[in-house]
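The structure under discussion appears below in the form of structure tokens.
2 protein chains.
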Amino acid sequence: MLTIGKLAEAAGVKVPTIRYYEQIGLLPPPERSAGNQRLYGNRAEERLAFIRHARDLGFPLEAIRDLLSLSDRPDQSCEAADAIARAQLSAVRARIGRLRALEAELERMIGQCAHGTIADCRVIEVLGDHAHCAHEHRKEP
Amino acid sequence: MLTIGKLAEAAGVKVPTIRYYEQIGLLPPPERSAGNQRLYGNRAEERLAFIRHARDLGFPLEAIRDLLSLSDRPDQSCEAADAIARAQLSAVRARIGRLRALEAELERMIGQCAHGTIADCRVIEVLGDHAHCAHEHRKEP
DNA sequence: CTAATGTCTCTAGCAACTATAGGTTCAAGG
DNA sequence: CCTTGAACCTATAGTTGCTAGAGACATTAG
Ligand SMILES: [Zn+2]
Ligand SMILES: [Zn+2]
Ligand SMILES: [Zn+2]
Ligand SMILES: [Zn+2]
Chain V
1 MLTIGKLAEA AGVKVPTIRY YEQIGLLPPP ERSAGNQRLY GNRAEERLAF IRHARDLGFP
61 LEAIRDLLSL SDRPDQSCEA ADAIARAQLS AVRARIGRLR ALEAELERMI GQCAHGTIAD
121 CRVIEVLGDH AHCAHEHRKE P
Chain H
1 MLTIGKLAEA AGVKVPTIRY YEQIGLLPPP ERSAGNQRLY GNRAEERLAF IRHARDLGFP
61 LEAIRDLLSL SDRPDQSCEA ADAIARAQLS AVRARIGRLR ALEAELERMI GQCAHGTIAD
121 CRVIEVLGDH AHCAHEHRKE P
């Protein structure tokens, strides 16, 4: 049985994060000690590791909630789980695409600046020029 | 002179966003009509376009605040402005690097799944395996 | 003149935590 | 056995960058 601090350390998350996950129902309320402190067993540790890894991969908590409830029904087809993962993959790819456009524009504007005064700064100029860019850059959520 | 709605339309932002920018001091309080409605001139339109473009490039509002106050002093060296832009570029690159690692892992786990039952699902398995990955994937802010 | 928008202020909500305050419990050293 | 300090408890508020709603006033088209 682990205290919340030990569990946090083991899983690589902060203590308040665990309490937060409990509050929103991602982790079940654990046992308590005589003095009302949380005590976690193996199940909780695995569940938290699952959550953490999914978070590391960028899954939103709602998707993780769905994945967890799927993983509680091992006999069903994994199609729904795979669909969640594919959705996450395409979200990641969309973000990469957008960021690469930003990278290109930032590179260009930094590269073109002659590093003189603000009045001649290419960075300030490009930012202020509201018609300069043919590309659409929006909208990173 | 533009009303807030027209300005919003012209700049491609929502009306409450403009009020929000005013509230946090990114846009100065504009003139008001007899009936207390906001009226904006060219200066405000340009400033908002600047903000929007910088936001589109992913600059945080604090950085934009600094860029705006720099752009009000055209005689100074643009070094500070360029440094902000370089910081943003490296933040973007860091995000891209991390996302590409996520992309690779998501691809691998989706590709390896035989699409049977949850019990055999590679997606669920990889997420639950807290020691599977040699790579570090953390921490996208 | 009236009806339909548009605008005003203020408050609350989103994700996913993080930080603080003020109090309780636990483990170890003396 | 007792004290001290760390770790724990709850509850609330703050973070970022907006967005949505309520209820009241202003403007404009027909
Ligand atoms: Zn410059
Ligand atoms: Zn651009
Ligand atoms: Zn599968
Ligand atoms: Zn991994």
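So the sequences go chain by chain: V and H.
Numbering follows full-length UniProt numbering, in which position 19 of the first sequence is assigned residue number 19; successive positions increment by one, without gaps.
Numbering follows full-length UniProt numbering, in which position 7 of the second sequence is assigned residue number 7; successive positions increment by one, without gaps.
Where is the CB? At the ideal position from N, CA and C, for every residue including glycine.
DSSP places arginine 73/V outside both helix and strand once states are collapsed to three, so it counts as coil. In its chain, beyond the 5 residues on either side, no residue has a beta carbon closer than 6 angstroms to the beta carbon of glutamate 103/H. Taking C-beta atoms as the reference points, isoleucine 24/V and leucine 7/V fail to come closer than 8 angstroms. Relative to alanine 85/H, the option among Ala101/H, Asp75/H, Arg65/H whose CA is nearest is Arg65/H. In this structure, cysteine 133/H has its CB closer than 7 angstroms to one or more heavy atoms of ligand 4. Along the stretch 76-88 of chain V, going in chain order, the ones with a CB nearer than 7 angstroms to a CB of chain H are Gln76, Ser77, Cys78, Glu79, Ala81, Asp82, Ala85, Arg86, Gln88. Sequence-distant partners of glutamate 45/H (beyond 5 residues in either direction) whose C-beta falls short of 8 angstroms from its own C-beta, in its chain, are Leu2, Leu7, Ala10, Ala11. Contact annotation: cysteine 78/V and isoleucine 118/H have beta-carbon atoms nearer than 8 angstroms.
For glutamate 9/H, the closest Cβ of chain V is not nearer than 8 angstroms.
Counting the other Cβ atoms within 10 Å of the Cβ of histidine 132/H gives fewer than 16, which makes it exposed. Under the criterion of beta carbons closer than 8 angstroms, alanine 81/H and valine 123/V qualify as touching, at roughly 5 angstroms.
Residues of the stretch 46-73 of chain V with a C-beta atom less than 8 angstroms from some C-beta of chain H are Glu46, Ala49, Phe50, Arg52, His53, Ala54, Asp56, Leu57, Gly58, Leu67, Leu70, Ser71, Arg73, listed in chain order.
Residue environment for glutamate 31/H: exposed (fewer than 16 other C-beta atoms within 10 angstroms of its C-beta). Arginine 108/H is outside the set of residues whose beta carbon lies under 8 angstroms from a beta carbon in chain V. Isoleucine 124/H reaches chain V at Leu67, Leu70, Ser71, Cys78, Ala81, counting residues in chain order whose Cβ is nearer than 8 angstroms. The three-state reading of DSSP puts leucine 7/V in helix, counting H, G and I together. Using a cutoff of 7 angstroms, the CB of glutamate 105/V counts as near ligand 2, since one of the ligand's heavy atoms is closer than that. Placement of the Cβ of histidine 53/V at a distance of 7 angstroms or more from every heavy atom of ligand 2 is found. The beta carbon of alanine 87/V sits closer than 8 angstroms to those of Ala63, all from its chain and outside the five residues before and after it, given in chain order. Looking at the DSSP output, threonine 117/V bridges to Ser77/H. What isoleucine 18/H touches in chain V, judged by beta-carbon distance under 7 angstroms, is nothing: the nearest beta carbon there is about 15 angstroms away. Judged by beta-carbon spacing, glutamate 107/H lies beyond the 8 angstroms limit of leucine 57/V, meaning their Cβ atoms are not closer than that value.
Scanning the stretch 22-109 of chain H from its first residue to its last, the whole alpha helix (DSSP H) runs of 4-plus residues come out as 42-56, 61-71.
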